[in-house]
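First comes the structure, then the notes that go with it.
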Amino acid sequence: MRLKIHFIIKLSNSKIAKRIKEEVKIKFDGNKYQVKISESSFKGETKTLAREAVLDKTDLIVACGGDGTINEIINEIKERKFKIAIVPIGSGNGIARHFKIPLDISKSLDLILRHNYTFVDIGKVNESLFLGNVAFGIGADFIKNYHKIKNKGLVGYFLAFIKTIFSIKEKQFIIDIDGERIISTPLILIVSNTNQQGYNFTVTPKAKTDDGLLDMFIVENRSFFKNIINVFKIVLGLNFYPGKSIYKKIENLNITPQKPIKNIQIDGENLNVNDGIYKIKSVKKTLQLITPN
41 MRLKIHFIIK
51 LSNSKIAKRI
61 KEEVKIKFDG
71 NKYQVKISES
81 SFKGETKTLA
91 REAVLDKTDL
101 IVACGGDGTI
111 NEIINEIKER
121 KFKIAIVPIG
131 SGNGIARHFK
141 IPLDISKSLD
151 LILRHNYTFV
161 DIGKVNESLF
171 LGNVAFGIGA
181 DFIKNYHKIK
191 NKGLVGYFLA
201 FIKTIFSIKE
211 KQFIIDIDGE
221 RIISTPLILI
231 VSNTNQQGYN
241 FTVTPKAKTD
251 DGLLDMFIVE
261 NRSFFKNIIN
271 VFKIVLGLNF
281 YPGKSIYKKI
291 ENLNITPQKP
301 IKNIQIDGEN
311 LNVNDGIYKI
321 KSVKKTLQLI
331 TPN
């Protein structure tokens, strides 16, 4: 019986999409695999295609894109113990980098042919799932600004950073973790499942996707000058002095904004929200993902 595989390509570059199609045709033997290739060209279409794959009883869904594409797919398949693979053709590719999935298209397709599945944890914030991370404060505003900029990649990230750092809006949160309460006005507030946020940049280097825990990192909002210093410390991978940041491994937590917030960042995408409380937890070993190890 042939294995049913559905490749969902986030269509940001027609040349890359064409190359994936050509290589899939060469590498995946028609006697062994029943392959379907779909292209997602607008926001929300990836979810529609993933839903079709689920209804079609597909054995494996392959996310060809970045962290946002992966997020759309896992939020459609929800917690069904589904099998997915990744061909990383996004910008930062934080999730792929965490799992050491090759960034080369040909090598990532070869990895799929090995069928090496790993059960991995995912995170959940209210009703939305994430494989990478969820961020509040500057992290959310940064991504919102990034998606408004025409330039993508590192140039776009730099421009979004400049716009964000000069327009920081003070936001206060109450964070409840296992009986402990933290009152924070954060510059950075991120809860991560992976040890990468993209481009080999990380604020959660200890994060694992098989320990049933999420990693929380907080840096408080200070003066403009101190914020600049703290951001450069993070970018350069420098350590903070004790008491200057908070790093915790947690199973679940609740984050309550003192005033309503309009958006959060989830797996590199902007998500418009209006909830009064954000319940975040780890969902243990729910997803089967093809990885090198």
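Take this note's numbering: the last position of the sequence shown gets the number 333, and nothing is skipped along the way.
Glycine included, every Cβ here is placed at the ideal spot set by N, Cα and C.
Quick caveat, the model's predicted, so the values are computed rather than measured.
Specify the secondary structure class of residue i as computed by DSSP and reduced to three states.
| i | result |
| --- | --- |
| V243 | coil |
| K118 | coil |
| N185 | helix |
| N267 | helix |
| K83 | coil |
| R91 | helix |
| R137 | helix |
| E112 | helix |
| L149 | helix |
| I28 | Outside the modelled stretch of the chain, which goes from 41 to 333, sits residue 28, for which no answer is possible. |
| D251 | coil |
| D107 | helix |
Is the distance from the Cβ of residue i to the Cβ of residue j below 8 Å?
| i | j | result |
| --- | --- | --- |
| Q100 | K123 | Position check: residue 100 holds Leu in this sequence, whereas Gln was assumed. Against a cut-off of 8 Å, the Cβ pair of K123 and L100 comes out as a contact. |
| N312 | N303 | yes |
| V323 | K164 | yes |
| I114 | L89 | no |
| I320 | S285 | no |
| I110 | I129 | no |
| N261 | T225 | yes |
| N267 | I230 | no |
List the endpoints of the continuous alpha helix (DSSP H) containing residue i.
| i | result |
| --- | --- |
| R154 | Run containing R154: none; DSSP gives neither H nor E here. |
| G193 | G193 to I205 |
| I56 | S54 to K67 |
Let's test the definition: count the other Cβ atoms within 10 Å of the Cβ of residue i and tell me whether it reaches 16, buried, or not, exposed.
| i | result |
| --- | --- |
| D161 | buried |
| H46 | buried |
| M256 | buried |
| E112 | buried |
| S232 | buried |
| L254 | buried |
| S54 | exposed |
| G219 | exposed |
| F170 | buried |
| H138 | buried |
| E167 | exposed |
| D181 | buried |
| Q237 | buried |
| K192 | exposed |
Let me check one thing: in DSSP terms, what residues is residue i bridge-paired to?
| i | result |
| --- | --- |
| V231 | V174 and M256 |
| N303 | N312 |
| V102 | F47 and A125 |
| Q74 | K44 |
| P297 | F213 |
Answer with yes or no whether the minimum CB distance from residue i to chain C is below 8 Å.
| i | result |
| --- | --- |
| I145 | Protein chain content of the structure displayed is limited to a single chain, and chain C is not contained in it. |
Could you give the residue range of the beta strand (DSSP E) that holds residue i?
| i | result |
| --- | --- |
| R221 | E220 to S224 |
| I48 | L43 to K50 |
| I286 | I286 to I290 |
| S322 | Y318 to I330 |
| D216 | F213 to I217 |
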